[in-house]
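Going line by line, the protein sequences match chains G and D. Each residue of the first sequence is one higher than the one before, starting from 18 at the first, in our numbering. Each residue of the second sequence is one higher than the one before, starting from 256 at the first, in our numbering.
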Amino acid sequence: MHDKKNNWMWHLLSLIVLVAVGFSIYSASQKIDYTWQWNRVVPYIIDTSPIETYAEYDGTIIINDAGLITVEFDNGEPTQVVAKADDLFVSDGDLVFEGDTVSSLDQQSMGVLLQGLLMTIKLSLISLFFAVIIGLVAALMRISTNPLSRNFAFLYVEVIRGTPLLVQIFIVYFFLGTIFDLDRFTAGIAALSVFTGAYIAEIIRSGIQSISPGQMEAARSLGMSYPKAMIYVVLPQAFKRTLPPMAGQFINLIKDSSLVSVISITDLTKAGREVVAGSFATFEVWFAVAALYLVLTSTLSFGVQRIEKRLSTSD
Amino acid sequence: MTRANYNGDDMVIATDVDKIYPNKCHALKKVSVTVKRGEVVVIIGPSGSGKSTFLRTLNQLETVTEGDITIDGINMYDSSTNINTLRENVGMVFQSFNLFPHLSVKENVKLAPLKVSNLGKEQVEKDAISLLTRVGLAEKVDVYPSQLSGGQQQRVAIARALAMKPDLMLFDEPTSALDPEMVGEVLEVMKSLAEEGMTMVVVTHEMGFANEVADRVLFMEDGQLLVDDVPANFFENPSHPRLKKFLSSIL
């Protein structure tokens, strides 16, 4: 049994090192005299603050036998009906003045950070959709025999990969956005899709070129046209090979989407900045934001691994 | 002239075919070959002689620099010729099989009929099963190519090419990539195909097959067609000095 190693020892060692690193970070943060207040982050993830109902004008509370709460106003305005309440701060016959709290309703809604997370998911998914289309077209143009389409695809990829995304976002939003009257969301989607599309184009191109030319020849020799041979023979195989780099690119897209916060789209990063400004729990908020990004990206990697396993049946 | 109304004897007419690659390699020099309907023509020659290139010009996987090729009455280089329609009528079998690895054996055979011909699904399914039975792979219809031996893969490739009901079959060294013990099963299928009257052009190094099955054997060297003869003469009384040299070097 020489080939069976005691791997669990190494796993245990990893765990110990991890704990040690965590502890040193903790003790380092003790030195800078920072009071950790994780509970301040929670309301920004799940908002549990109750909805309060106020009296619209001065008047009298009337609660009938059925338990219906109404406010009769002194000035003759139509009676205010208080619909649902978990906590009641008045009783039958009480006098209330304009602006008094009559009741409150417990509720749970998404906090600012979760809303930001949703915006990030929405931005990433829509951008991914367009990026894959742009990337596929550019990849096919890149391998085409026509010099015109080859040149343009080359130019597109080089220009986009050669300039920073942040600069592209500014150009799309301030220059193109002004010309075509784009709102910030559209501008953000456009910048992210065009940027990611260039990388996806290269991934798909290398995927297609990694498929043996014999596959295309076999398909063409059966009478299939170039597009049919591409769609039914080459691309399905190329897709399988490009899945791992494609997943990496999608994870990059999710992370890159944080840059659109500079044009005031309230994605997860922008939400984080807003929450820091409101709560002063700087460290906790940024750790929470990082954790939310990590949940998103690791869920994605896990999903892609599952798809890869399913597609590997024909190997 | 369209496929339907041509009943002439000549399946392939290649006239003065010249092929010069962009790197100035002169692969074919004025090659002229006529193949009659139902004929089996075997092309042999040393590697680099242009025999595979010539075969590939017959379904335009290689375009020619000069010359004309007519397949089943249709001139390949007429501006009105649809190359895809022409290729439906010309099956090809490759040295490296080129099966579609992402599709099962049956799907490999069914793909082109489903996507190119306007046949019903049930008809295509029935044809695929009967073709695979014919090449002796009825039990393997649902496995993937990677699970098959080389000989089995090549037989699937033959079934796939036959699925388009071609009138002409091209074989590009179909047994060269096979382990010796699998060559026989593929040659067997090709022989039965020849007996059924299929027009075939075969590039191969299998002299036994050429001698036994071929109606004519061609010898190419250095891009030129040097000998075009019946097998008996070709092997027993080689007329050309270079053919003599080639035969003595391989036999």
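Cβ coordinates follow ideal geometry from the N, Cα and C atoms, glycine included.
- Legend: CB atoms of the stretch 211-245 of chain G lying less than 7 Å from CB atoms of chain D belong to residues Gly-231, Gln-232, Glu-234, Ala-235, Arg-237, Ser-238, Leu-239, Gly-240, Met-241, Ser-242, Lys-245.
- Measuring C-alpha to C-alpha distances from Val-286 of chain D to each of D:Leu-481, D:Val-458, D:Asn-466, D:Leu-498 identifies D:Leu-481 as the nearest.
- Assignment of Thr-195 of chain G by DSSP, reduced to helix, strand and coil, places it in the helix class.
- If you check the CB distance, Asp-327 of chain D and Met-266 of chain D come in under 8 Å.
- Judged by beta-carbon spacing, Val-456 of chain D lies beyond the 8 Å limit of Leu-239 of chain G, meaning their Cβ atoms are not closer than that value.
- Under DSSP, Asn-330 of chain D takes part in a beta bridge, and its partners are D:Thr-325.
- Bounds of the alpha helix (DSSP H) holding Val-444 of chain D are 435-450.
- By the neighbour-count definition (other C-beta atoms within 10 Å, threshold 16), Val-485 of chain D is an exposed residue.
- Those residues of the stretch 344-356 of chain D placed with their C-beta closer than 7 Å to a C-beta in chain G are Met-347, Phe-349, Ser-351, Asn-353, Phe-355, Pro-356, ordered along the chain.
- Gln-54 of chain G and Gly-152 of chain G have their C-alpha atoms some 45 Å from each other.
- In chain order, Val-472 place their CB closer than 6 Å to the CB of Phe-489 of chain D, counting only its own chain and leaving out the 5 sequence neighbours on each side.
- For Val-99 of chain G, the uninterrupted beta strand (DSSP E) run begins and ends at 97-99, by DSSP.
- Between Asp-284 of chain G and Met-136 of chain G, the beta carbon gap of about 5 Å places them in contact (Cβ cut-off 8 Å).
- Per DSSP, the beta bridge partners of Asp-104 of chain G are G:Ser-121.
- By the Cβ-count criterion, Tyr-51 of chain G is exposed, with fewer than 16 other Cβ atoms from all chains shown falling within 10 Å of its own Cβ.
- Residue state for Glu-69 of chain G is assigned as strand, using DSSP reduced to three classes.
- The beta carbons of Val-290 of chain D and Thr-454 of chain D sit closer together than 8 Å.
- Remark: C-beta atoms of Asp-382 of chain D and Pro-368 of chain D approach each other more closely than 8 Å.
- Within chain G, no C-beta atom comes less than 7 Å from the C-beta of Thr-308 of chain D; the nearest is roughly 13 Å away.
- Going by beta carbons, Gly-346 of chain D and Pro-421 of chain D fall inside the 8 Å limit.
- Rounded to the nearest whole angstrom, the C-alpha separation of Val-59 of chain G and Val-312 of chain G is 17 Å.
- Contact check for Leu-386 of chain D against Ala-412 of chain D fails: the beta carbons are separated by 8 Å or more.
- Relative to the Cα of Leu-140 of chain G, the nearest Cα in the group G:Leu-276, G:Thr-299, G:Gln-254 belongs to G:Leu-276.
- Contact annotation: Thr-314 of chain G and Ile-268 of chain G have beta-carbon atoms nearer than 8 Å.
- Residue range 252-273 is occupied by the alpha helix (DSSP H) that includes Asp-273 of chain G.
- Proximity of chain D to Pro-253 of chain G at the Cβ level (cut-off 8 Å) is accounted for by His-357, in chain order.
- Under the 8 Å criterion on CB atoms, Lys-326 of chain G is classed as non-interfacial with respect to chain D.
- Taking C-alpha positions only, Ala-102 of chain G is separated from Asp-117 of chain G by approximately 15 Å.
- Ranked by Cα distance from His-281 of chain D, the options D:Ala-487, D:Ser-431, D:Gly-478, D:Leu-502 are led by D:Gly-478.
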